[in-house]
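The next block holds one structure in the form of structure tokens; read it before the comments.
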Amino acid sequence: MPRIRRPRTTRKSPAGTSPAGRAAGGRGWLLRLVIAFSCAQGAVSMARPAVSYRALSLGADERAIGVIAGVYALLPLFVAVPLGRRTDHGRCAPLLPLGVALIAGGCALSGTAGSLGALAAWSGVMGLGHLCFVIGAQSIVARRSAPAEQDRNFGHFTIGASLGQLIGPLAAGALIGGDTGTTSALALVVAAGVAAVACTSLWRVERPRGEGPGPREAAGAAPAGAVPVRRILGARGVPAGMFISLAVLSATDILTAYLPVIGEHRGIAPATVGILLGLRAGATIACRLVMTPLIRLLGRRALTAVTCAAAGLLCAGVALPLPVWALGVMLALLGFCLGVGQPLSMTTVVRAAPAEARSTALALRLTGNRLGQVAAPAGAGLVAGVAGAAAPFVTLGLLLCVAAGAAVRTE
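Written out as structure tokens, the structure reads:
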């Protein structure tokens, strides 16, 4: 009897798990995004103290330094929410090279600025580029991370920022010295080149069309239909997450902008200031590497509250006339505590916001950050002009303690 051969059937993979889909679902995209973010943030972190030194060489006082640092955040205030809306409707990746181009251009042109007004303007362009990059990158992480992966992926993503904040000030400190006007200009031009390197790591960071749904799409999120801002801000956890992020970023920003001023007053060399800022950033990286076990140990809410309160006390301690080694220890502890607020506030906002408006919610969070970056340096400049360059750190300490109270109400 002839043997009947059954037709060979091809085993179908579940939707979204084809070889290409599995590749897209791996974590290579996150590594490339971290590398690109390290370069972009490294350029900005190198440029911010360089801008402060260049401003000082052009005759700026503490108030002018505060205004210039505030202008960095001013332009992004007007475009953050529209960019978030656009990203909710479409792709995120095009914002990344646009952001890199603006950062590089702002850095290079700041190095050639011959007046405080021009320096402030190009600093604003740099801030706009940083906002474009961060909105696009954070939205990619939110879309490509399952709920159980959000804390880990946002934590690893922000390691890119910490790496940039570690390398940037060290590089700036190594380049700036002697004639600060000339050497700060050189540091800004080098920062532009560092930003451009980010473009080499921006391939396939967003899920290509046709490779299966990402976590956001698989969850059944409807296309974005302009969810009202009031509804997003009314979601439980969103305002608290925004305030925590604002407080933590303001502390990091003031440290970067005003530690060179403290160094000038206390006779600390620019290279040493760079090392101190690098210590802070290195401790933040260490925190984010161990954040998952810390969350398991304390819980998200308690971890955020405890670290914000401790950061507030340490930030106020920077105002004390400490020796350099003690200041380094304090900044390392402060950096570890500041490492928690940003990634966990991202997760808080993403989980609390409507699924179809997550990019807009993240943009609102960044708008709050930029409001803090406008108000905090301007306020710091006023406080410093009245009470001395160390006084803004006491104000930031109080702000972080209020953020610790807000953390208790995030869930």
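Using numbering that gives the first Met the number 0, you'd call the opening residue of the sequence shown number 0 and step up by one each time. We put the beta carbon where it would ideally sit given N, CA and C, even for glycine.
- By the criterion of at least three beta-carbon pairs nearer than 8 Å, the stretch 277-290 is in contact with the stretch 158-167.
- Comparing C-alpha distances from residue 97 to each of 132, 365 and 142 shows the shortest one belongs to 132.
- Boundaries of the alpha helix (DSSP H) harbouring residue 94: 94-111, taken from the DSSP string.
- With a threshold of 16 other beta carbon atoms within 10 Å, residue 181 falls short and is exposed.
- By alpha-carbon distance to residue 407, the top candidate from 340, 102 and 124 is 340.
- Per the coordinates, the alpha-carbon of residue 255 lies some 18 Å from the alpha-carbon of residue 127.
- In terms of Cα proximity to residue 275, the closest of 173, 353 and 357 is 173.
- 8 Å or more divides the Cβ of residue 366 from the Cβ of residue 103.
- Residue burial annotation: residue 77 is exposed, with fewer than 16 other C-beta atoms found within 10 angstroms of its C-beta.
- Note on the stretch 224-265: whole alpha helix (DSSP H) runs with a minimum of 4 residues are 228-233 and 237-265, in chain order.
- Following the DSSP letters along the chain, one finds residue 28 inside the alpha helix (DSSP H) bounded by residues 27-56.
- Here the alpha carbon of residue 355 sits roughly 28 Å from the alpha carbon of residue 200.
- Counting only residues of its own chain and dropping the five nearest sequence neighbours on each side, residue 153 has a CB closer than 7 Å to the CB of 140, 342, 345 and 346.
- With 16 or more other Cβ atoms inside 10 Å of its own Cβ, residue 150 counts as buried.
- About 12 Å separates the CB atoms of residue 134 and residue 101; that is not less than 8 Å, and the two are not in contact.
- With a threshold of 16 other beta carbon atoms within 10 Å, residue 147 falls short and is exposed.
- Here residue 111 is exposed. Its C-beta has fewer than 16 other C-beta atoms within 10 Å.
- Out of 31, 228, 40 and 48, the CA that lies nearest to the CA of residue 263 is found in 48.
- One alpha carbon belongs to residue 71, the other to residue 179, and they sit about 21 Å apart.
- If you compare the alpha carbons of 170, 300, 37 and 142 with that of residue 129, the shortest gap goes to 37.
- In terms of Cβ geometry, residue 176 and residue 269 form a close pair [threshold 8 Å].
- Contact annotation: residue 294 and residue 302 have beta-carbon atoms nearer than 8 Å.
- The DSSP-derived three-state label of residue 205 is coil.
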